[in-house]
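Line order of the protein sequences matches chains A and B.
Just so you know, we're using the numbering used here here: the first sequence kicks off at 397 and counts up by one.
Just so you know, we're using the numbering used here here: the second sequence kicks off at -2 and counts up by one.
Where a beta carbon is used, it is the ideal one built from N, C-alpha and C, also for glycine.
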Amino acid sequence: MSSPSRTPQAGAPGAAVLLTWFVPGAGHLYLGRPLFALVAFAVVEGLYLLGLDLSGGMGFEFLQEELRGPFTPALAPETGNLGGFLWQMREYGFGMPFPRAFPETMGLGVALTSASGVLNACLMVQANLDARRPRTERPSLRSPALAVLLAWLVPGLGHLVQGRRLRGAMVFLMLVGMLTLGTALAHGANLSREMHFFYWGGQFMAGLPAMVLEGLHGDQRVQSFIPYAEAGLVIASVGGMLNVMAMLDVFGYSEDRLATSASGTRATAEMEVTA
Amino acid sequence: MKDLPVHLALFALVSSAIALLGAFYTQVEDAPALRSLPRRLLAFFLGCGILGLVLLVMEHTFASVD
């Protein structure tokens, strides 16, 4: 009788995730995938640097004076790329002690630094999975991390690529509907990171729909009293935050399928060896 | 108070989204997730109602100004 042998993992998942959090790609370098590590580092940090360039590093100057503390900027999506975030805090911080005009490309710049944070979070998911795989197993392109990234980009898309059409459609309608309704109620005032730094972070988790809405309606000036401005702000932000739950659902489903197919393959191999 | 129905309608909408995503997160299959939705909604409404009541009592007790 043969006992099931444990295949050695590629590395410690916790270490791979932590390394990736500090330096994008470092986790994969630790797992012995230097090419992937290099590409990941170039893409994630390239996005962050481009964002810093476009925004003049003024992203955290959006925070009002009384909110500027050591931990408050850490609630921004940029924290997903901890190395980039710490670099920005060290080099630019909260800016000059006097007010100055934001560059015209400010909106695009902060969207890119934030996107870099979310992208690195997906990379951390990938590092975790790659660490748990046996060293001999080739990494799959049908990765849960990719499904999670798609689920962030468009709410429901991650479910759709998993073949869960009804769930994907319901998630899309519900979350994009909330974002749109919130924007309509707040007359677009909810889309300004300058006015609503933390709520903006919540809305950003709805991915492209939030960015498109901001591109279309983000620069509108508030010219009159908006009766449901706060309700709109909360609804849009809750819509974005709920997409994090949808992303977790996509990850859990993908991870289960991956584990099931891996155990099936192992069982078949063991049966062949026994025969 | 005149726009209370609008606020309640918006609350119901957000509650539905929270309950739906909660159901999806805990149930892999769509059918059981959708079946559990009314129960989840009821629990959510009751929980929020109790929380609202506690807040009102606290406000009345500690923060009311004559």
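Q. Nearest to valine 646/A by CA position, among Gln405/A, Pro540/A and Arg429/A, is which residue?
A. Nearest of Gln405/A, Pro540/A and Arg429/A to valine 646/A, Cα basis: Pro540/A.
### Message
Please classify serine 510/A as buried or exposed, where buried requires at least 16 neighbouring CB atoms within 10 angstroms.
### Response
Result: buried.
Review point. Which residues in the same chain have their Cβ closer than 6 Å to the Cβ of phenylalanine 458/A, if we skip the five residues on either side of it in sequence?
Key: In its chain, beyond the 5 residues on either side, Arg589, Glu590 and Phe593 have a beta carbon closer than 6 Å to the beta carbon of phenylalanine 458/A.
_Check whether the segment 500 to 514 of chain A and the segment 439 to 456 of chain A touch, using three or more Cβ-Cβ pairs below 8 Å as the test._
Because the criterion of three Cβ pairs below 8 Å is met, the segment 500 to 514 of chain A and the segment 439 to 456 of chain A touch.
Run the CB neighbour count on isoleucine 47/B, radius 10 Å, all protein chains shown included, and call it buried at 16 or more, exposed below. By the neighbour-count rule (16 or more Cβ atoms within 10 Å), isoleucine 47/B is not buried but exposed.
For this session: Report yes if the CB atom of asparagine 586/A is closer than 9 Å to the CB atom of leucine 629/A, and no otherwise.
Result: Their beta carbons are under 9 Å apart, which means asparagine 586/A touches leucine 629/A by this criterion.
Exercise for the section: Quick one: list the residues of chain B neighbouring tyrosine 426/A, beta-carbon separation under 8 Å, in chain order. Expected result: The premise fails here: tyrosine 426/A is roughly 31 Å from chain B at the closest Cβ pair, so nothing lies under 8 Å.
Practice problem: Using a Cβ-Cβ cut-off of 9 Å, state whether proline 469/A counts as contacting chain B. | Solution: Cβ-Cβ to chain B under 9 Å: no for proline 469/A.
- Would alanine 6/B be called buried (16 or more neighbouring beta carbons within 10 Å of its own) or exposed? Burial call: exposed.
Quiz item: Relative to the C-alpha of valine 618/A, which residue among Leu604/A, Gly598/A, His583/A and Phe418/A is closest?
Solution: The shortest Cα separation from valine 618/A among Leu604/A, Gly598/A, His583/A and Phe418/A belongs to His583/A.
query = From what residue to what residue does the alpha helix (DSSP H) around glutamate 474/A run?
reply = Element bounds for glutamate 474/A: n/a, residue is neither H nor E.
Can you tell me whether DSSP reads proline 493/A as helix, strand or coil? DSSP places proline 493/A in coil when its eight states are reduced to three.
Within chain B, partners of leucine 450/A - CB distance below 8 Å: Those do not exist, as leucine 450/A stays about 33 Å from chain B at its closest Cβ, beyond 8 Å.
Discussion item. Against chain B, with Cβ distances strictly below 9 Å, would glycine 635/A count as a contact?
Written reply: Using beta-carbon distances, glycine 635/A counts as an interface residue toward chain B, with a partner under 9 Å.
- Item | Residues that DSSP places opposite glutamine 405/A in a beta bridge | In DSSP, glutamine 405/A forms a bridge with Pro530/A.
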